[in-house]
Amino acid sequence: MRILHTADWHIGCRTDGLLRLDEQKQVLNEIVDIANEQKVDMVIIAGDVYDTFLPSAESEKVVFDALLKLCNNGNRPVIAVAGNHDDPKRLSNANVFANMHNIYLVGEMDKVSFCELKNKNCYPVASGVGYIEFRCKSEKVVVATMPFPSYYRYKQIKKEDEQLKDSIKEWFKPALSGFRDDTINIAVSHLLTYPVNTTPEDFASYEVVGGAISFVDRDSLLSPAHYTALGHIHQPIAVDKAHHIYYSGSIVNKFFDETYNKNSVYVVDLDSRHGVKSVNQVEIHPKHLISQAVSSMEEAINFLENNKDKLIRIIFRDMDFVDPQDIKTIKNNYSNVITVSVEPKRIQEQVVLSKKNLSTKEIFENFVEYKTGEKPEEQLTQLFLELMGEISNETN
11 MRILHTADWH IGCRTDGLLR LDEQKQVLNE IVDIANEQKV DMVIIAGDVY
61 DTFLPSAESE KVVFDALLKL CNNGNRPVIA VAGNHDDPKR LSNANVFANM
111 HNIYLVGEMD KVSFCELKNK NCYPVASGVG YIEFRCKSEK VVVATMPFPS
161 YYRYKQIKKE DEQLKDSIKE WFKPALSGFR DDTINIAVSH LLTYPVNTTP
211 EDFASYEVVG GAISFVDRDS LLSPAHYTAL GHIHQPIAVD KAHHIYYSGS
261 IVNKFFDETY NKNSVYVVDL DSRHGVKSVN QVEIHPKHLI SQAVSSMEEA
311 INFLENNKDK LIRIIFRDMD FVDPQDIKTI KNNYSNVITV SVEPKRIQEQ
361 VVLSKKNLST KEIFENFVEY KTGEKPEEQL TQLFLELMGE ISNETN
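Residue numbers (our numbering): 11 to 406.
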């Protein structure tokens with residue numbers, strides 16, 4: 011059988027204020043075309059369907075339209091788990107209608123709901139806590155559905171000295187219990203891990219999404235799964251080729267820091283006798299984000315003329331003065347420019363402001379000079395100090 015692995019749709023996201031919804035629609039239609047052209051039997055979505063816990067009505071419509079197209083009149087199962095950006099209950103509430111179309115939205119580690127659909131090409135036959143089993147042609151397929159792991163979401167109380175990575179194996183046991191020797195076994199989750207023989211620092215995308223979320227040891231992910239579909243990292247990454255553990259990456263780049271990405275989905279062929287037969291990365295084509303530093307208006311215009319198909323951030327750098335009219339001209343004539351910013355020479359020279367050994371007056375004067383290029387007038391400084399004094403008196 012053949013599956014398509016995608017993740018991190020982040021429907022409704024913005025980049026520096028620009029809503030990306032129309033672009034996301036186009037990319038989702040591209041994924042639908044890939045599923046149809048490649049005759050995919052099942053679609054896996056590894057979390058972060060939405061960009062926020064409370065998606066707009068427009069965002070929900072985009073998602074539901076895409077899911078209905080992907081399910082191919084109910085003949086192709088679509089399984090999605092909640093990521094850290096998704097509201098687990100809100101996501102799974104749609105199952106009241108979604109299950110009738112062979113769509114399964116798993117928000118929490120509960121028994122996966124389904125309804126009888128035996129007249130379809132690939133249909134559910136059983137489920138348990140964290141897994142669902144299908145009949146697809148001559149194959150039996152079990153999908154372990156493991157939403158974004160956290161103590162709150164998995165209804166667990168953190169014990170003293172316990173770390174998230176130590177709890178994962180225990181939490182995932184129910185989902186993995188559905189795997190058998192005679193089935194194709196697929197695991198799907200949304201979490202943070204990193205590839206064999208590397209560290210997170212080797213991949214720029216970890217700087218964007220890492221930090222507050224604990225890493226999961228790769229060993230915790232080793233299971234009887236033939237293929238493990240991951241989401242959370244926005245870059246396509248083979249975590250462990252030997253055990254077929256992959257991040258598909260995001261469908262659009264949300265941040266200018268993600269300009270390294272070639273967005274893609276994975277198309278995977280498997281059978282119960284041999285496991286994974288092939289893993290093919292298929293590129294998708296959102297607009298690329300480019301952050302470009304320029305030192306003149308002429309340089310900016312030349313760059314913009316050659317990159318009209320991309321979303322651009324222009325940074326005027328190493329200039330003593332930037333005419334506001336130039337910025338207005340760029341914004342009026344180039345709709346693909348999201349942001350125009352100015353970094354004066356003094357920033358490049360790394361003039362660093364510090365509170366250390368400075369009075370309140372000096373901090374204020376340095377700040378104003380940093381922002382405007384000039385020291386504040388004495389009258390303004392005195393007014394600031396008076397206001398600070400009033401605030402101090404009210405809070406002491």
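We put the CB at the ideal spot given by N, CA and C, even for glycine.
Item                                                                                                                                                                        : Value
Since Lys297 contacts Asp267 with CB under 8 Å, what's their CB separation in whole angstroms?                                                                              : Not a contact, Cβ separation roughly 16 Å.
Mapping the DSSP letters down to three states, classify Thr203 as helix, strand or coil.                                                                                    : coil
Buried or exposed, going by whether 16 or more other CB atoms sit within 10 Å of the CB of His10?                                                                           : As shown, the chain starts at 11 and ends at 406. That puts residue 10 outside it, with no answer to give.
In the DSSP output, what is Gln245 paired with across the bridge?                                                                                                           : The partner list for Gln245 (beta bridge, DSSP) is empty, contrary to what the question assumes.
In this structure, how does DSSP classify Ala56 when only helix, strand and coil are distinguished?                                                                         : coil
Checking the sheet assignment: what are the DSSP bridge partners for Ser301?                                                                                                : Arg323
Out of curiosity, what's the CA-to-CA distance linking Gln360 and Glu353?                                                                                                   : In this prediction, Gln360 has a pLDDT of 46, which is less than 50 and means its spatial position is unreliable; nothing more can be read from the coordinates.
Between the segment 73-85 and the segment 178-193, do at least 3 Cβ pairs fall closer than 8 Å?                                                                             : no
I think Ile300 touches Asn317, with their Cβ atoms under 8 Å apart; what is that distance to the nearest whole Å?                                                           : 6 Å
Is the beta carbon of Pro234 closer than 9 Å to that of Thr189?                                                                                                             : Note that residue 189 is Phe in the sequence shown, not Thr. In this structure, Pro234 lies closer than 9 Å to Phe189 by Cβ.
Return helix, strand or coil for Met119, following the three-state DSSP convention.                                                                                         : coil
Quick check on Cys23: buried or exposed, where buried means 16 or more other Cβ atoms within 10 Å of its Cβ?                                                                : buried
Report yes or no: do three or more beta-carbon pairs, one from the segment 282-289 and one from the segment 304-318, lie closer than 8 Å?                                   : no
May I ask you to report which of helix, strand or coil DSSP gives Ala76?                                                                                                    : helix
As a quick exercise: from His111, Arg86 and Ala197, pick the residue whose alpha carbon is nearest that of Gly140.                                                          : Ala197
Looking at the unbroken beta strand (DSSP E) that takes in Phe331, where does it start and where does it end?                                                               : Looking at the DSSP string, Phe331 is not in any beta strand (DSSP E), and its letter there is neither H nor E.
Using alpha carbons as the reference points, say which of Arg12, Met11, Glu40 and Leu314 lies closest to Asn273.                                                            : Glu40
With burial defined as no fewer than 16 other Cβ atoms inside 10 Å of the residue's Cβ, what is the status of Met110: buried or exposed?                                    : exposed
Let me know the secondary structure DSSP gives Leu101 once reduced to three states.                                                                                         : helix
Within 10 Å of its beta-carbon, does Ser305 have 16 or more other beta-carbons around it, so buried, or fewer, so exposed?                                                  : exposed
DSSP three-state label for Phe63, please.                                                                                                                                   : coil
Tell me which same chain residues have a C-beta within less than 7 Å of the C-beta of Lys366, skipping the five on either side of it?                                       : Because the pLDDT of Lys366 is 49, which lies under 50, any placement of that residue in the model is unreliable, and the number read from its coordinates should be weighed accordingly. Cβ within range, chain order: n/a, list empty.
When the Cα atoms are used, what is the spatial distance from Val206 to Thr349?                                                                                             : 38 Å
Counting along the chain, where does the alpha helix (DSSP H) carrying Ala90 start and finish?                                                                              : No alpha helix (DSSP H) contains Ala90, which is instead part of the beta strand (DSSP E) from Val88 to Val91.
Indicate the three-state DSSP secondary structure (helix, strand or coil) for Met307 in the structure shown.                                                                : helix
Contact defined as beta carbons within less than 8 Å: I believe Glu126 pairs with Ala136. What is the distance between those atoms, to the nearest angstrom?                : With 8 Å as the limit, Glu126 and Ala136 do not qualify as a contact, their Cβ atoms being about 11 Å apart.
Could you check where the alpha helix (DSSP H) with Leu31 kicks off and where it finishes?                                                                                  : Leu31 to Glu47
Taking the alpha carbon of Asp43 as the reference point, which residue from Ile21, Cys81 and His20 has its own alpha carbon closest?                                        : Cys81
Drop a sphere of 10 angstroms on the beta-carbon of Ile324, count the other beta-carbons inside from all chains shown, and report buried for 16 or more, exposed for fewer. : buried
Please look up how many angstroms separate the CB atoms of Arg12 and Val50, rounded, as I've assumed it's under 8 Å.                                                        : 5 Å
With 16 as the cutoff for other CB atoms within 10 Å, does Gln36 come out buried or exposed?                                                                                : exposed
Comparing C-alpha positions only, which one of Ala56, Ser69, Ser123 and Ala45 sits nearest to Asp32?                                                                        : Ser69
Under the rule that 16 or more other beta-carbon atoms within 10 Å means buried, what is Val88, buried or exposed?                                                          : buried
Measure the alpha-carbon distance for Ile340 versus Asn346 and round it to whole angstroms.                                                                                 : 10 Å
Looking at Ala92 and His15, is the spacing between their C-beta atoms short of 9 Å?                                                                                         : no
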